[in-house]
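Each step along the sequence shown adds one to the number in my numbering, with nothing skipped, and position 406 is 492.
Even for Gly, the Cβ is constructed at its ideal location relative to N, Cα and C.
Quick caveat: nothing in here was measured; it's all calculated off a predicted structure.
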Amino acid sequence: MNIKTLTELDYFRVRDIISGHCVSEEGALLLRERTPLTDTKKINTLKLYGREWYSYLTSEKQAAMSSWNPVSEILPVINTPGAAVSQEQAFSLLQFCEAQKKVKSAIESAKDILNLENLSELVQTLPDLSAPYSQISSVIDKTGELKDLPCLRSIRARILSFKREINNLMKKYANDPNLSNALESNVPAFRANRQVLAVKSGRRSAIRGIIHEMSQSGQTVYIEPEDVVRKNNELIQEEFNLQAEIKRIFRELTAELMPHARSFTLALPIMTELDISYAAAKWGKENRCCYAANCASDSGEAPLILKARHPILGEKAVPVDVRFMSGKRILIITGPNTGGKTVTLKTIALFAMLNQSGFPLPAEEGTRLPIFSNVFADIGDSQSLDQSLSTFSGHMKNIAESLEGADRNSLVLLDELGSGTDPLEGGAIAMAVLDALIEKDSFVLVTTHHGILKNYGYTHPSCVNASVEFDKNTLSPTYRLIMGVPGESRALDIASRSGLGEKVCRKACSYIANESSDVSSLIKGLIAKHTELENIYKDLNTKKHELIEQKRKAGLHELKLRQKEAELKKEGYRESQKFLSESRKKLENLVREIKEGEITRKKTLGVKSFISDLETNVYAQEKSIESEEKELSKYLAPAENPALCESHTVQEDEQKNLEFKAGAKVSVKNIKQPGILVRMERKGTWSVQLGNVKMNIKQKELTLIPPDKDVQSELPSITIDLADNTKNGAGDVYFKGGKPQFELRLLGLYTDEALKLLERQLDLCTVHNFNRFSIIHGKGSGALQQAVQDYLSHYPGIANFYFAPPEEGGSGKTYVEMAK
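Spelled out as structure tokens, the structure:
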């Protein structure tokens with residue numbers, strides 16, 4: 087995007103205001119580098135994050151983002167062997183870990199309630215920083231202060247003891263009556279961070295020690311007594327020991343953090359992305375903004391901006407509606423000089439740029455905008471003394487650049503097109519420029535005073551006229567945009583109000599009376615007609631919405647009544663089940679009585695027939711109720727949520743030619759893994775193979791999947807294949823699926839078998855570019871543990887391996903990182 091154009095549109099001013107809502111310096115810095123994007127997918131992703139943050143901010147949830155100090159410059163330090171982070175740097179890393187933990191917890195706890203699907207997916211990519219958080223918090227507290235560690239406690243106690251002894255010695259000298267005439271003051275002074283005595287120059291021999299300084303007058307010398315010198319030297323030594331111990335602690339902490347350097351590197355851009363989208367949504371909430379929808383490019387959907395308010399004007403901005411008509415690519419805005427034509431043009435263009443940066447717009451819901459690949463502008467006075475350009479020459483230079491670079495996906499802004507030269511020639515050039523831009527099919531916004539361009543807008547099918555409203559009674563602009571009607575310049579009215587003499591204005595009126603009266607009357611009549619039609623349209627639209635709402639409520643009421651009827655039938659079905667259960671018990675008692683007496687085949691068959699008839703009747707009732715519920719769901723779900731209509735129809739079309747039979751693919755309600763039908767166990771119940779598990783599931787909980795449909799797109803899941811440690815007759819160990827394992831279990835294996843399995847795992851990691859896995863070998867006698875460590879130390883493709891933390895298995899588990 088052209089930097090000069092973005093500056094003229096105030097894009098950078100708005101962007102910097104939004105960056106002030108970031109919680110981190112790194113997020114604000116990255117946001118201040120953002121310019122409008124052209125990648126539709128990336129723009130939509132940013133707006134999805136913003137919409138979900140907006141939803142979170144408008145809820146009663148606690149703040150999700152917390153600030154952290156910059157950490158980007160610390161990451162190279164913790165990745166350097168032998169380096170040591172400072173206390174401030176360690177505190178910054180601790181803040182970053184806390185911020186990551188807080189935002190992840192906040193979004194995960196609210197994702198289902200507020201539908202934060204995209205933010206949830208983003209925070210799921212954050213690496214686990216709980217281990218470095220524990221390591222840092224063991225050294226410093228949440229305020230950034232160094233904890234009172236045992237290794238520091240004794241040193242600090244000695245330092246405190248030395249300071250007390252020094253204070254006592256200085257008090258002894260100050261209170262000694264023999265020295266009262268020798269001392270200038272009883273209060274010790276400090277020189278070079280040491281306590282000294284102010285002694286009269288003539289009595290300096292009264293105190294043996296080191297002279298640190300003499301006053302300018304020469305009357306006072308500052309002496310550190312000999313016994314105090316020794317104590318101060320010991321104090322300095324202990325303070326040096328303290329600093330050395332602190333450096334050792336932070337050096338060891340840095341070494342512990344080194345394995346997590348990559349995790350910090352991966353987490354930082356994700357956290358800044360969350361910070362930026364959070365800041366945009368927060369600014370949008372404060373300014374009553376919305377995120378614009380995209381114009382459907384395939385259908386040629388026209389842009390629409392509702393109640394647009396320029397963000398720089400704040401509360402002073404007058405909301406403007408901009409309604410483009412389908413097929414109209416050129417908008418010609420006319421009207422008086424002070425009516426706000428240029429502000430309207432800039433607002434539309436600024437909104438397009440903010441939208442393409444993933445920012446919300448100060449407008450109402452329903453606003454939609456296309457995605458532009460570039461923006462060209464000729465706004466304001468382009469006169470330049472350095473380049474010997476007149477106003478007209480400057481305009482032509484900008485317009486020439488626009489014509490050269492514009493295409494179908496470009497936005498072209500032309501302020502006061504055709505001005506700066508003879509009106510006749512200027513109008514002709516303006517129409518020729520618009521002809522060229524129409525051929526390129528660019529999206530063009532034009533402001534002008536040329537009457538010939540107003541006529542051009544009426545006669546050309548690609549153009550639409552618009553005007554800024556002007557109150558003829560108060561002679562002031564209303565800043566409303568009227569689509570479809572050109573506006574009058576009202577130059578004479580404005581000139582009169584600005585102080586031009588009445589005689590001059592009357593003379594000007596006499597010059598133009600014969601030429602423009604007819605045109606002015608025509609424009610006034612068109613404005614009146616347009617206002618009348620707009621009011622009629624508003625009334626019809628209001629009545630239409632009222633009728634739709636009444637119809638929806640009536641339909642929903644009817645459906646709820648039918649749903650209530652279905653619930654009552656279901657209650658009857660439950661009673662039938664209860665009856666069946668009681669009848670079964672009675673019949674079982676009857677069978678026992680028969681067994682105790684004379685048993686006949688006829689009696690036994692009669693009992694079985696009775697039970698079978700009951701079960702058949704109850705099952706028929708169940709199917710009838712299910713059928714009614716299914717029929718109701720077709721109407722009830724769309725009535726309560728119209729957005730479900732389309733997906734419901736697609737599902738029915740997919741299921742139309744499928745049938746339940748052995749071998750068919752199915753998805754199971756509330757289970758992510760797809761399954762295969764094995765056989766029908768009984769009517770309405772199937773045996774389903776789910777991975778290594780078979781389950782009996784009711785048919786109503788199963789959904790058929792087309793054979794050519796990618797199940798993973800419907801049911802996203804993570805599958806980890808563990809190694810199959812069972813041995814065949816030859817003693818070989820095989821992997822399931824020929825893939826490396828996230829966790830390789832060697833427990834219970836002999837050393838040679840375990841090493842074969844480890845060798846196979848390392849080969850597969852190399853083939854599949856598998857970077858990290860863990861080995862569970864246990865502790866036991868230590869033989870298997872040692873064998874694994876020895877083998878890993880000699881394998882050439884390994885970058886690093888180390889024991890797990892105590893909470894994850896300690897020395898019974900080893901993490902392996904492959905070389906990249």
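Just so you know, the alpha carbons of Lys127 and Arg99 end up roughly 26 Å apart.
Approximately 42 Å separates the beta-carbon atoms of Thr430 and Leu642; this is outside 8 Å, ruling out the contact. In this structure, Ala176 sits near Val225, with a CB-CB distance shorter than 8 Å. Contact between the segment 409 to 418 and the segment 484 to 491 is absent: fewer than 3 CB-CB pairs across the two stretches fall below 8 Å. Scanning Ser662, Gln649, Met256 for the CA closest to the CA of Arg280 turns up Met256. Exposed is the label assigned to Ser220, since fewer than 16 other Cβ atoms lie within 10 Å of its Cβ. Here the segment 524 to 540 makes contact with the segment 491 to 510; the two share three or more CB pairs at distances below 8 Å.
Note that the C-beta distance between Gln759 and Thr771 is not below 8 Å.
Apart from sequence neighbours up to five positions away, the residues of its chain that approach Lys780 with a beta-carbon distance below 8 Å are Val764, Ser773, Val774, ordered along the chain. Among the bridge pairs identified by DSSP, Gly295 is matched with Pro311. Gln186 sits in a helix when the DSSP states are folded into three classes. At a Cβ-Cβ threshold of 8 Å, Val315 and Ile297 do not count as neighbours. When secondary structure is reduced to three states using DSSP, Phe437 falls in the helix class. In the DSSP secondary-structure assignment, Trp772 is bridged to Met766, Ile783. Contact check between the segment 89 to 109 and the segment 127 to 136: fewer than three CB pairs, one atom from each, fall below 8 Å, which does not count as touching.
Listed as beta-bridge partners of Thr533 by DSSP are Ile419. A direct Cα-to-Cα measurement between Ala463 and Thr211 gives close to 41 Å. The beta-carbon separation of Ser412 and Ala388, rounded to 5 Å, stays under the 8 Å limit for a contact. Take Gly749, set aside five residues on each side of it, and the residues of its chain with a beta-carbon closer than 7 Å to its own are Ile762, Leu763, in chain order. Arg277 has its alpha-carbon roughly 22 Å from the corresponding atom of Asn267. Linking Ile434 to Ser105 through their CA atoms gives a straight-line distance of about 22 Å. Taking C-beta separations shorter than 8 Å and ignoring five residues to either side along the sequence, the partners of Ile862 in its chain run Glu829, Leu830, Arg831, Leu832, Leu833, Gly895, Gly898, Lys899, following chain order.
Approximately 7 Å separates the beta-carbon atoms of Met151 and Leu360; this is inside 8 Å, confirming the contact. Leu830: member of the beta strand (DSSP E) spanning 829 to 831, first to last residue.
Boundaries for Asp493: no alpha helix (DSSP H) harbours it, and the DSSP string shows neither H nor E there. Under the three-state reduction of DSSP output, Met300 falls in the strand class. Close CB contacts of Asn886 within its chain, under the 6 Å cut and outside five residues either way in sequence, are with Glu903 (chain order).
When DSSP states are grouped into helix, strand and coil, Leu619 belongs to the helix group. Annotation for Glu184: no residue places its beta carbon closer than 6 Å to its own, counting only its chain and skipping 5 residues before and after.
Linking Gln323 to Glu111 through their CA atoms gives a straight-line distance of about 40 Å.
In the DSSP assignment, Asn460 falls within the beta strand (DSSP E) that extends over 460 to 464. Within the model, the alpha-carbon separation for Ser553 versus Val408 is close to 11 Å. If you draw a 10 Å sphere on the C-beta of Asp501, you find 16 or more other C-beta atoms in it, and that means buried. Judged by DSSP secondary structure, Lys825 falls outside any beta strand (DSSP E); it is assigned neither H nor E.
In terms of Cβ geometry, Ser860 and Tyr888 do not form a close pair [threshold 8 Å]. Residue pairing for Val100: DSSP places it in no beta bridge.
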